[in-house]
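First comes the structure, then the notes that go with it.
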Amino acid sequence: MKSKWYLFIMVLVLSTILVACGSDSEEASGDSGDSGETYTVATDNNFVPFEFMNEETGEMEGFDIDLIKAIAEEAGFNVEIESMKFDGVVAGMQSGRYDIGIAGMTITEERKETIDFSDPYYDAGLMLAVSADNEEIKSADDLTGKKVGTRSGTTSEAYIKENHPDAELITFPGIVEAYMDLEAGRLDAVMYDVPNVQYYVANDSEGLKTAGDILQGEQYGIAFPKDSELVEDVNEALQTLIDNGTYDDIYEKWFGERKYGTESSE
Ligand code: ARG
Numbered sequence: 127m128k129s130k131w132y133l134f135i136m137v138l139v140l141s142t143i144l145v146a147c148g149s150d151s152e153e154a155s156g157d158s159g160d161s162g163e164t165y166t167v168a169t170d171n172n173f174v175p176f177e178f179m180n181e182e183t184g185e186m187e188g189f190d191i192d193l194i195k196a197i198a199e200e201a202g203f204n205v206e207i208e209s210m211k212f213d214g215v216v217a218g219m220q221s222g223r224y225d226i227g228i229a230g231m232t233i234t235e236e237r238k239e240t241i242d243f244s245d246p247y248y249d250a251g252l253m254l255a256v257s258a259d260n261e262e263i264k265s266a267d268d269l270t271g272k273k274v275g276t277r278s279g280t281t282s283e284a285y286i287k288e289n290h291p292d293a294e295l296i297t298f299p300g301i302v303e304a305y306m307d308l309e310a311g312r313l314d315a316v317m318y319d320v321p322n323v324q325y326y327v328a329n330d331s332e333g334l335k336t337a338g339d340i341l342q343g344e345q346y347g348i349a350f351p352k353d354s355e356l357v358e359d360v361n362e363a364l365q366t367l368i369d370n371g372t373y374d375d376i377y378e379k380w381f382g383e384r385k386y387g388t389e390s391s392e
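Going by our numbering, the letters in the sequence shown line up with residues 127 to 392, in that order.
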């Protein structure tokens, strides 16, 4: 009888341990101990170098990922990162399905109507990529009648519609598809965020170059469902990381020496 109880208790203890281990295997990170709350973070699945899948480890990596983990650690909460299409991040904030969104998302007046943003954390803008041997398109003034690709639902799409109605706009669900069409000669140019265009051209592309200057200044913000109580905590943590140099360390890891950091936006 005694040994039966012993067995029962052993099984109970063992299964408790197993369950505890199992719940740890999520994409949880930003570990700040066991105490804090866990919040879901929606991010994009492919926006170098802010967020992308490391094929070897199967983990999401990038500037945004490092930043939100550091913010979580500073503010004392845990994060569970989920990657999806960019539109899903915006929609996920509007519906309140996720607690936090970080995806190189530009703070715009229009989005502010349905989403809350942190203070700006990165100065960006828009830029063109063209084929390296393209001598025709030297700036956005040369886009008339040209096939210009970008990602749907982004500020680039809005910018082209508004400023270059005489260009032939072609939108893609993911920006890499647009770059590939440009490489294959099916597009004349791609317009997208400066840091992404520069990074892709330098590291991932074959035979592409940037063209012209920065077209429109933009700032990225961390997104939240409207009236989220997290905004203040995240802003405070972000400021601490800027003050104590952690932000600069993360910046340098992904961009090298600071070229267009946040110093102008403080
Ligand atoms: N900054 C632009 C926007 O907010 C493009 C962002 C794209 N981000 C991404 N993770 N794919 O519309």
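Built from N, CA and C at the ideal position, the CB exists for glycine as well.
Supposed close pair residue i, residue j - CB separation, criterion 8 angstroms
i    : j    : result
L334 : G275 : That pair is no contact at about 12 angstroms.
F203 : G162 : 4 angstroms
T164 : M186 : No, T164 and M186 are not in contact; Cβ-Cβ is about 16 angstroms, not under 8 angstroms.
I376 : L193 : 6 angstroms
V256 : A337 : 5 angstroms
Heavy atom of the ligand ARG within 6 angstroms of residue i beta-carbon
i    : result
F178 : no
T232 : yes
F381 : no
A229 : yes
D268 : no
F173 : yes
D170 : yes
D213 : no
D314 : no
D319 : yes
T281 : yes
Residue i, buried or exposed, once every other Cβ within 10 Å from all chains shown has been counted against 16
i    : result
A310 : exposed
P271 : Per the sequence presented here, residue 271 reads as Gly, with Pro not at that position. Flag for G271 reads exposed.
T123 : This structure does not reach residue 123, given that the chain is present from 127 up to 392, and the question cannot be answered.
K195 : buried
S149 : Reliability fails at S149, whose pLDDT of 38 lies under 50, so the model's placement of it is uncertain and no value is given.
S331 : buried
A315 : buried
I191 : buried
G184 : exposed
T240 : exposed
Residues that residue i bridges to, as DSSP identifies them
i    : result
G347 : P246
N180 : E185
I226 : V167
S209 : T169
E294 : K273
A255 : V316, T336
The region 229–249 touching the region 296–309, judged by at least three CB pairs closer than 8 angstroms:
Counting Cβ pairs under 8 angstroms, fewer than three are found: no touch.
Is the region 360–374 touching the region 279–299, taking contact as three or more C-beta pairs under 8 angstroms?
no
Segment contact flag, the region 214–228 with the region 350–361, C-beta cutoff 8 angstroms, min 3 pairs
Segments in contact, yes.
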